[in-house]
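First comes the structure, then the notes that go with it.
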């Protein structure tokens, strides 16, 4: 019986190798979960490449246009992000989102003309934020936001808000005046 137990004994080196394999597998599984989470947060992966989004942008945005990006701008490395921003037309304002992981200074160096970590107020009543904001129906403000992507719990247009996640607008910028008109007509 003693010989049988010894044949199943695991050496310290074998145990360490097994632990390393287990940790590597767990890290791979976590990376896959993180990738899936990112895909869910940024919409249907593969529907639009950065190149097609850039083409859509540049087809309607002139160098004289002022455009607000509502966060989660480009989920890529710094070099790719700089390349993308530098090839987009217009005066670019970034309202940072939860996935904009670099500093405001970096985004400015990458080519944004203005960067804010916080919501900004336009024309004294348009609150531009990454995440949707609760607004009482008794105040005159409207909220333009993006964070929710395709989540059906949030309407694209309501009487006090508009979701400008790229998935909802064909991966193309939308004129603020058009959004305000739609909000004013919403019931």
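Residue numbers (the numbering used here): 986 to 1172. Quick reminder that beta carbons are idealized off the backbone N, C-alpha and C, glycines included.
DSSP three-state assignment for residue i, whether helix, strand or coil
{"i": "residue 1166", "result": "helix"}
{"i": "residue 1021", "result": "Because the pLDDT of residue 1021 is 35, which lies under 50, any placement of that residue in the model is unreliable, and the number read from its coordinates should be weighed accordingly. Helix at residue 1021."}
{"i": "residue 1100", "result": "strand"}
{"i": "residue 1122", "result": "coil"}
{"i": "residue 1091", "result": "helix"}
{"i": "residue 1059", "result": "coil"}
{"i": "residue 1070", "result": "helix"}
{"i": "residue 1144", "result": "coil"}
Cα-Cα separation between residue i and residue j, rounded to whole angstroms
{"i": "residue 1059", "j": "residue 998", "result": "44 Å"}
{"i": "residue 1135", "j": "residue 1004", "result": "40 Å"}
{"i": "residue 1172", "j": "residue 1110", "result": "19 Å"}
{"i": "residue 1100", "j": "residue 1089", "result": "6 Å"}
{"i": "residue 1034", "j": "residue 1137", "result": "23 Å"}
{"i": "residue 1165", "j": "residue 1145", "result": "9 Å"}
{"i": "residue 1067", "j": "residue 1036", "result": "14 Å"}
{"i": "residue 1061", "j": "residue 1102", "result": "19 Å"}
Proximity test, residue i beta-carbon vs the ligand NAP heavy atom, cut-off 6 Å
{"i": "residue 1098", "result": "The ligand content of the structure shown is nil, which means the ligand NAP is not present either."}
Residue i at chain D interface by Cβ criterion, 7 Å
{"i": "residue 1079", "result": "Absent from the structure is chain D; it holds one protein chain and no more."}
Residue i versus the options, residue with shortest Cα-Cα distance
{"i": "residue 1105", "options": "1119, 1078 and 1083", "result": "1078"}
{"i": "residue 1054", "options": "1143, 1113, 1166 and 1133", "result": "1113"}
{"i": "residue 1127", "options": "1049, 1071, 1162 and 1070", "result": "1162"}
{"i": "residue 1071", "options": "1088, 1087, 1098 and 1085", "result": "1098"}
{"i": "residue 1048", "options": "1066, 1076, 1062 and 1036", "result": "1076"}
{"i": "residue 1132", "options": "1165, 1084 and 1100", "result": "1084"}
Residue j beta carbon less than 7 Å from that of residue i
{"i": "residue 1141", "j": "residue 1153", "result": "yes"}
{"i": "residue 1151", "j": "residue 1129", "result": "no"}
{"i": "residue 1074", "j": "residue 1040", "result": "no"}
{"i": "residue 1038", "j": "residue 1156", "result": "yes"}
{"i": "residue 1124", "j": "residue 1147", "result": "no"}
Cβ pair count under 8 Å reaching 3, the segment 1116-1135 against the segment 1085-1097
no
Cβ contact check for the segment 1041-1057 and the segment 1070-1090: 3 or more pairs under 8 Å
yes
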